[in-house]
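K.L.:
Take a look at this one; I'll ask things after.
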Amino acid sequence: MPELPEVETVRRGLAPVLEGQRIGKVTVRRRKLRRELPGDFEVRLEGRRVRCLDRRGKYLLVRLEGGDVWLTHLGMSGRMVIETGAARLKPGEFHHPSPAAGRHDHVIVRLESGARIVFNDPRRFGLMDVVSEEALEDHPLLRDMGPEPLGNTFSPAHLLARCQGRRRAIKEILLDQKTVAGIGNIYASEALWRARIHPMLPGARMDSGKAAALVGAIRDVLEEAISAGGSSLRDYRKADGNLGYFQHVFSVYDRDGEPCPRHECSGKIERIRQGGRSSFLCPLCQALPGGP
DNA sequence: CGATACACCTGTGTGC
DNA sequence: TGCACACAGGTGTATC
Numbered sequence: 312m313p314e315l316p317e318v319e320t321v322r323r324g325l326a327p328v329l330e331g332q333r334i335g336k337v338t339v340r341r342r343k344l345r346r347e348l349p350g351d352f353e354v355r356l357e358g359r360r361v362r363c364l365d366r367r368g369k370y371l372l373v374r375l376e377g378g379d380v381w382l383t384h385l386g387m388s389g390r391m392v393i394e395t396g397a398a399r400l401k402p403g404e405f406h407h408p409s410p411a412a413g414r415h416d417h418v419i420v421r422l423e424s425g426a427r428i429v430f431n432d433p434r435r436f437g438l439m440d441v442v443s444e445e446a447l448e449d450h451p452l453l454r455d456m457g458p459e460p461l462g463n464t465f466s467p468a469h470l471l472a473r474c475q476g477r478r479r480a481i482k483e484i485l486l487d488q489k490t491v492a493g494i495g496n497i498y499a500s501e502a503l504w505r506a507r508i509h510p511m512l513p514g515a516r517m518d519s520g521k522a523a524a525l526v527g528a529i530r531d532v533l534e535e536a537i538s539a540g541g542s543s544l545r546d547y548r549k550a551d552g553n554l555g556y557f558q559h560v561f562s563v564y565d566r567d568g569e570p571c572p573r574h575e576c577s578g579k580i581e582r583i584r585q586g587g588r589s590s591f592l593c594p595l596c597q598a599l600p601g602g603p
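Numbering of the first sequence is given in the numbering used here, commencing with residue 312 and proceeding in unit increments.
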């Protein structure tokens, strides 16, 4: 689930709980996620104070005093759950200092405040690492990542340059994190629909008009999704401390067979396969130029 | 370089 | 109810 807006929502939800806090006991219940956690993972976190939380693409960055960065990727199914003292208490229970860990609770970080941050990830495609601030830019996972879509280095010119001379479909170019950081399967379809561009359009057939439309669409879609996440944050934290899932209404994603939500359009949303993954589009307003 | 397959995992929904 | 299968928001590697 987590693409850039969801990770940003997690960041915003965790920030007030983590910032300024000293980290206490770190419990790793399963070391092997997508990669093996480093052997010194716990040692490098325990006793350290959290400076601030950042995000790079789909990576959550927790910067610690002393110069290390705790890095998390949520993969497909990862979540961060905030447990305060009262969380997971059943009615009638008075005190439960250490509630039993859930089925896929892989990493549990206790804070000085008594709150606990639980990383839960059924599919275990997530990962964590700790690196020094200096090594962060050269980290193999971040090194080749493209610009932040909401920053000012992500421009139509940049996108167009990534497309020039390539036969590869525009959607696959968008999913490549080297093009732009943080776009996943949902927001790729959503942004292309907004920009009225067919997901199969070859990169070489992009032009500056399409690139400008797509850059704008990506920004709009991501910003709206972040707002939706922000508005649901309060509710989720009240409910169960569960960060990372929120309801956002999509225009085309997972809506095949439904009418295109564009007022003036009478098309019906289709699902196609690209690179083993589903894409959703309206064949009328996203028609391929010259295509069927 | 590109397209494709597959690998890593569990959970859920569907059809028989 | 059981079982097989398809599919799911990500990404890294291998192979043609």
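Idealized CB from N, CA, C, for every residue including glycine. Predicted, not measured: the structure shown is a model, and the values here were computed from it.
Anyone know if the C-beta pair for residue 380 and residue 356 falls short of 7 Å?
P.N.:
As a working note, residue 380 is residue 69 in the first sequence. As a working note, residue 356 is residue 45 in the first sequence. Taking 7 Å as the Cβ cut-off, residue 380 and residue 356 do not qualify as a contacting pair.
K.L.:
So what does DSSP say about residue 480, is it helix, strand or coil?
P.N.:
Along the first sequence, read from residue 1 onward, the residue named residue 480 stands at position 169. Looking at residue 480 - three-state DSSP - the assignment turns out to be strand.
K.L.:
In its own chain, which residues sit with a C-beta less than 8 Å from the C-beta of residue 442, not counting the 5 before and 5 after it?
P.N.:
Taking the first sequence and counting its residues from 1, the one referred to as residue 442 is at position 131. 379, 380, 382, 450.
K.L.:
Closest to residue 536 by C-alpha separation, out of 498, 510, 568, would be which residue?
P.N.:
If you number the first sequence from 1, residue 536 lands on position 225. Taking only the C-alpha atoms, the option nearest residue 536 is 498.
K.L.:
Could you have a look at residue 561 and say whether DSSP puts it in helix, strand or coil?
P.N.:
In the first sequence, residue 561 corresponds to position 250, counting from 1. Reduced to three states, the DSSP call for residue 561 is coil.
K.L.:
Round the Cβ separation of residue 432 and residue 466 to the nearest angstrom and send it over; I've been treating them as touching at under 8 Å.
P.N.:
For this step, residue 432 is matched to residue 121 along the first sequence. For this step, residue 466 is matched to residue 155 along the first sequence. No, residue 432 and residue 466 are not in contact; Cβ-Cβ is about 35 Å, not under 8 Å.
K.L.:
Thinking C-beta only, is residue 563 closer than 7 Å to residue 591?
P.N.:
Translated into positions along the first sequence, residue 591 becomes position 280. Translated into positions along the first sequence, residue 563 becomes position 252. Cβ distance < 7 Å, so residue 591 and residue 563 count as in contact.
K.L.:
Which whole-angstrom value is the C-beta distance of residue 385 and residue 361, which I expect to be below 8 Å?
P.N.:
Translated into the one-based positions of the first sequence, residue 385 becomes position 74. Translated into the one-based positions of the first sequence, residue 361 becomes position 50. That pair is no contact at about 18 Å.
K.L.:
Under 8 Å Cβ to Cβ from residue 422, same chain only, skipping five residues before and after it: list those, please.
P.N.:
In the first sequence, counting from the first residue as 1, residue 422 sits at position 111. Only 328, 329, 332, 333, 334, 335, 428 meet the Cβ criterion.
K.L.:
Quick one: is residue 472 buried, meaning 16 or more other Cβ sit within 10 Å of its Cβ, or exposed?
P.N.:
The residue you call residue 472 lines up with position 161 of the first sequence. Residue 472 is exposed by the Cβ-count criterion.
K.L.:
Rank 435, 456, 484, 478 by C-alpha distance to the C-alpha of residue 348 and give the top, closest one.
P.N.:
Taking the first residue of the first sequence as position 1, residue 348 is located at position 37. Minimum Cα distance to residue 348 is reached at 435.
K.L.:
Tell me whether the beta-carbon of residue 366 lies closer than 7 Å to the beta-carbon of residue 314.
P.N.:
For the purposes of this step, residue 366 is taken as the residue at position 55 of the first sequence. For the purposes of this step, residue 314 is taken as the residue at position 3 of the first sequence. Contact flag unset, no.
K.L.:
With a floor of 4 residues, list each alpha helix (DSSP H) that falls wholly inside the stretch 437-470, ordered by position along the chain.
P.N.:
444-447
K.L.:
Straight-line CA distance for residue 688 to residue 353?
P.N.:
Residue coverage of the chain in this structure runs from 312 to 603, which leaves residue 688 outside it and unanswerable.
K.L.:
Measure the alpha-carbon distance for residue 368 versus residue 576 and round it to whole angstroms.
P.N.:
Position 57 of the first sequence, counting from 1, holds the residue named residue 368. Position 265 of the first sequence, counting from 1, holds the residue named residue 576. Near 33 Å, if we compare the C-alpha coordinates of residue 576 and residue 368.
K.L.:
When the distance is taken between beta carbons, is residue 452 closer than 7 Å to residue 344?
P.N.:
The residue given as residue 344 occupies position 33 in the first sequence. The residue given as residue 452 occupies position 141 in the first sequence. No, the pair does not count as a contact, with Cβ atoms beyond the cut-off.
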